[in-house]
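Here is the structure we will look at.
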Amino acid sequence: YVPITNVLRNLMFYQSLCDHLDNVSTVHSSPLLRTFRDGLVYNERLTTLLQGGCQYTVFLVLYSDEVEIVNPLGSKRGVHKLLVVYFSVLNIHARYRSQVRFIHVAIIARYKLVVDQGIDAILEPLLIDVFDLERIGFTLDKYATTVRVTAVV
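In the numbering used here, the protein residues as written are 483 to 635.
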């Protein structure tokens, strides 16, 4: 497990993710949904977070994949299977979202562990981190000021 809070802190401090964050809520008159920002949940959550005094809100998307790291047609099929959980930041510009450097690994687990212990046990540290990020967030000392950062999944 790679702690999401540490990854976000490093991204915002060293790779200046703060400069790429786009927290501007734009209202479109069209009924078409273009991005996650056009939905009701985004607007409700952003309003709540801004009232709470948060300077930066990072919207995350989590996704998982089962990966076979050997020839799937060979005799070792299923033996070296992994569950990988990734996350990426949604509120950066679209041209950055598809770049590999903005897609981060949160969990890598052997699929046998997932079957034996259950998905809840594997995802527990990630879910605790996400809950803490939404509820508490973290502070970042940057440019001689302290900013508060929260995340929403």
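Every residue gets a Cβ at the ideal spot worked out from N, C-alpha and C, and that includes glycine.
- For Y538, the secondary structure class from DSSP, reduced to helix, strand or coil, is strand.
- For E548, the pairing in a beta bridge is given by DSSP as L565.
- Shown here, L493 sits in a helix according to DSSP, grouped into three states.
- I589: member of the beta strand (DSSP E) spanning 585-592, first to last residue.
- Under the three-state reduction of DSSP output, R516 falls in the coil class, being neither helix nor strand.
- A distance below 6 Å between beta-carbons, with the five flanking residues on each side excluded, links A603 to no residue of its chain.
- Bridge partners of V571 according to DSSP: L542.
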